[in-house]
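Worksheet: one structure, shown below.
Numbering (UniProt numbering), first residue to last: 1 to 298.
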């Protein structure tokens, strides 16, 4: 099954009229031959003088303060479109990350906002200790660009210890697992990485991880993943664990869940505006996956 031309145009128009600038520039990059410079400028609109990124780069908070997660997201986006390089990482990103590194070598996931800007409740109660979901992708990116910084030694010790500690506890979170994979793909300790990837495959296929209730409004969202959340491309490290039948079924379900205005929805959002922003993020994510699997009519 493929997304029809008509429904693709609906999705395109939804993004271009409702999504944030960053999703619009990413859409142009992936689907309309846009250049990565536009993506760079959209990402850097979220950058603060301290070198970190804030200003609601994830729409669950409008707080302007720099956040570790948002700064990692900025790195991931620039890497995704081929704009990142070693000099940029060292000059624009590492001073901030080094400044917020904890004693055990990792960086926190988030800090509690100190301003009175609106945000989801889980940001107000966030634990400010080091996290695997931010430290691992940062370390993976540093390895990918062949950087060898003193910061990396203790960070790597932290990441391996957290992988051993957490094990399958976060496997339900399809936002965390790709960040593990960035590290596992590029770490120099490939023997350990291969074993961890093997374990991940086993944990993901365990009963109760994938959401099998196709009528569930949360299907494919946080905590209720499907196969494409873990394998958004046939080239994904985890794609071999899913049968073609499973991939095809999830693609069909995904296409059928498109709304009449072209969007794919989420239940996230602290306002009607941020719900549209999340829908823009989700719609772009779906279109990218469908493109990777060649499931959009030409």
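Positions of the beta carbon are idealized from the N, C-alpha and C atoms, including for glycine.
Check                                                                                                                                                                 : Outcome
Using the Cα positions of residue 137 and residue 91, report the straight-line distance between them to the nearest angstrom.                                         : 18 Å
Beta carbon of residue 60, beta carbon of residue 96: below 9 Å?                                                                                                      : no
By alpha-carbon positions, which one of 156, 71 and 80 ends up nearest to residue 109?                                                                                : 71
Roughly how many whole angstroms lie between the Cα atoms of residue 144 and residue 40?                                                                              : 19 Å
By the DSSP assignment, the alpha helix (DSSP H) with residue 278 in it spans what residues?                                                                          : 272 to 292
Span of the alpha helix (DSSP H) holding residue 253?                                                                                                                 : 244 to 256
Contact defined as beta carbons within less than 8 Å: I believe residue 65 pairs with residue 141. What is the distance between those atoms, to the nearest angstrom? : Contact doesn't hold; Cβ gap of about 23 Å is too wide.
Whose CA, out of 247, 155, 75 and 257, lies closest to the CA of residue 88?                                                                                          : 75
State the start and end residues of the unbroken alpha helix (DSSP H) segment that holds residue 15.                                                                  : 5 to 18
Nearest-angstrom Cα distance between residue 206 and residue 233?                                                                                                     : 21 Å
For residue 267, is the classification buried or exposed, using 16 other Cβ atoms within 10 angstroms of its Cβ as the cut-off for buried?                            : exposed
Checking the sheet assignment: what are the DSSP bridge partners for residue 108?                                                                                     : 130
Closer than 8 Å is the cut-off here; do at least three beta carbon pairs connect the segment 242 to 254 with the segment 218 to 228?                                  : yes
Taking the alpha helix (DSSP H) that residue 67 falls in, what are its first and last residues?                                                                       : Here residue 67 belongs to no alpha helix (DSSP H), and DSSP marks it neither H nor E.
In three-state terms, what does DSSP make of residue 25?                                                                                                              : helix
Look at the alpha carbon of residue 242 and the alpha carbon of residue 63, and state the distance between them as a whole number of angstroms.                       : 39 Å
In whole angstroms, what separates the C-alpha of residue 198 from that of residue 131?                                                                               : 22 Å
Report all residues from its chain with a CB closer than 8 Å to the CB of residue 37; omit the five preceding and five following residues, and keep chain order.      : 83
First and last residue of the alpha helix (DSSP H) that includes residue 151?                                                                                         : 151 to 166
Let me make sure I understand the geometry here. Which of 126, 118, 93 and 135 has the alpha-carbon closest to that of residue 102?                                   : 135
Any idea which residues DSSP pairs residue 296 with across the strands?                                                                                               : 3
So residue 190 is in the alpha helix (DSSP H); what residue range does that whole segment cover?                                                                      : 190 to 204
List the endpoints of the continuous alpha helix (DSSP H) containing residue 121.                                                                                     : 121 to 124
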